[in-house]
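*Asks:* First the structure, then my questions, so here it is.
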Amino acid sequence: MRLTQDMQDYLQGSQEELKQLIRDLCAIPAPSRHEEKRAAFCRDWFAAAGFEGVYIDEALNVVCPYCAAEEADLVVFMAHTDTVFPDLEPMPMREDGRKMYCPGVCDDTGNLAVMMLCARYFLRRGLRPGQGVLFVANSCEEGLGNLKGSGEIVRAFGGRIRELISFDGGSFHRIVDRAVGSHRYRVRVRTEGGHSYAAFGNRNAIRYLASLIDTLYAVKVPEKAGCKTTYNVGLISGGTSVNTIAQQAEMLYEYRSDDRECLEAMRRIFESAVETYRAMGVEVEVERVGERPCAGNVDAQAHARLIRRAEESIRAIVGREPVRLSGSTDCNIPLSVGIPAVCLSAVTGARMHTREEELDLDSLLEGCRLTMDFMAGYFVP
């Protein structure tokens with residue numbers, strides 16, 4: 009354990025401030041690609057804490073450098089500002105003494121607030137890292153944000169980043185160390201349609217879309233030891249009225265895998281199915297609306313060292329055996345280009361991605377201790 013008594017006193021004494029920071033952040037709507045107001049709040053908070061050179065980049069990331077001289081190696085700590093919800097007005101929050109309830113309160117507002125509070129400690133105490141550090145409140149992690157924020161950080165600093173740690177999710181003992189890649193599509197089917205009685209017999213776009221969906225659901229996913237591959241149709245729409253043969257119908261479809269070869273196999277299967285329907289004279293339009301990469305060639309020893317440090321902190325602070333798993337997180341981007349990365353949780357909660365999302369208030373101090381213990385390993389004693 010790397011926690012000092014001074015660190016523990018700081019965290020204990022900051023709990024009410026942390027709760028208020030979470031409330032303040034939750035009050036600022038931040039759907040993916042519309043994080044401007046929350047980004048401005050985070051920038052101003054870091055600046056008020058005393059950090060210098062804090063800025064918002066073109067992807068709406070808040071970048072807070074610390075001892076990050078030009079050309080220095082970097083470790084990146086990040087938590088995302090966006091929520092999965094499209095709301096542009098403040099979402100309702102309530103508390104009952106045990107929990108906070110608000111869409112996005114756990115994923116990822118609580119994690120972001122804990123990271124910010126811990127970052128300030130190192131500045132206040134003048135502790136020097138063994139390498140440059142970037143604290144990043146990043147954009148576009150959710151949904152069709154397509155990891156734009158993480159991608160911009162890797163693009164801008166990739167040659168200098170030695171490790172990247174994302175704080176996300178709501179379970180202390182889990183470590184996401186493998187990247188689940190995905191391809192997401194909007195598929196439109198068009199036919200001649202017509203009046204349901206006068207033009208009876210004309211092709212119905214809904215019928216052909218339904219048939220295409222049935223074909224895709226008959227697919228046997230690639231099987232590879234230690235890997236998982238899935239698919240899903242998440243939204244369908246189309247048609248005009250009950251007495252109209254539908255001219256158009258569309259769906260949102262995705263497939264996922266934590267293995268590059270399996271992801272590529274699913275791409276071939278999907279494209280083959282689409283071409284089959286085109287060969288029947290059905291007009292099928294395909295638009296790729298999302299893509300997240302699998303991991304690339306990451307140095308196994310360097311990655312193992314990062315995972316081991318995370319495991320040590322979890323065992324020391326949480327007292328549970330860590331569980332390693334695959335996930336689709338901001339870590340996908342660095343892992344895809346060979347940068348060791350893991351995703352940890354700084355809070356616990358439940359019902360993520362629902363309007364009833366909740367954060368356990370009792371988890372805040374323990375999450376702060378876990379986050380601080382892990383971060384402290386990067387600073388010179």
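All you need for my numbering is the position in the sequence shown, starting with 1, plus 8. Even glycine gets a Cβ: it sits at the ideal position worked out from N, Cα and C.
Quick one: using the 10 Å Cβ neighbour count with 16 as the cut-off for buried, is Y63 buried or exposed?
*Replies:* exposed
*Asks:* Can you give the beta carbon distance from I183 to L352, rounded, assuming they're within the 8 Å contact cut?
*Replies:* Taking 8 Å as the upper bound for CB-CB distance, I183 and L352 are in contact here, some 6 Å apart.
*Asks:* Measuring only the C-alpha atoms, how far is L142 from L82?
*Replies:* Using only the alpha carbons, I get a separation of about 7 Å.
*Asks:* Go ahead and pull the three-state DSSP assignment for L271.
*Replies:* helix
*Asks:* As an exercise, report each continuous alpha helix (DSSP H) stretch of at least 4 residues that is fully enclosed by the segment 234–302, in chain order.
*Replies:* 268–287
*Asks:* List the endpoints of the continuous beta strand (DSSP E) containing K107.
*Replies:* 107–109
*Asks:* With the cut-off set at 8 Å, would you say T356 and F175 are in Cβ contact?
*Replies:* Going by C-beta atoms, T356 is not nearer than 8 Å to F175.
*Asks:* Return the bridge partner residues of E366 from the DSSP annotation.
*Replies:* Y109, A358
*Asks:* Quick check: the Cα distance between R296 and R313, rounded to an integer number of angstroms?
*Replies:* 36 Å
*Asks:* Where do the N-terminal and C-terminal ends of the alpha helix (DSSP H) with V122 fall, by residue?
*Replies:* 119–132
*Asks:* Helix, strand or coil: which one does DSSP assign to V229?
*Replies:* coil
*Asks:* Are the beta-carbon atoms belonging to R196 and E283 less than 8 Å from one another?
*Replies:* no
*Asks:* For the 8 Å Cβ check, are there 3 or more pairs between the segment 34–45 and the segment 85–101?
*Replies:* yes
*Asks:* Report the three-state DSSP secondary structure of E2 (helix, strand or coil).
*Replies:* Residue 2 lies beyond the stretch modelled for the chain, which goes from 9 to 389, so this question has no answer here.
*Asks:* At which residues does the beta strand (DSSP E) containing E171 begin and terminate?
*Replies:* Membership of E171 in the beta strand (DSSP E) is indicated by the continuous run 169–175.
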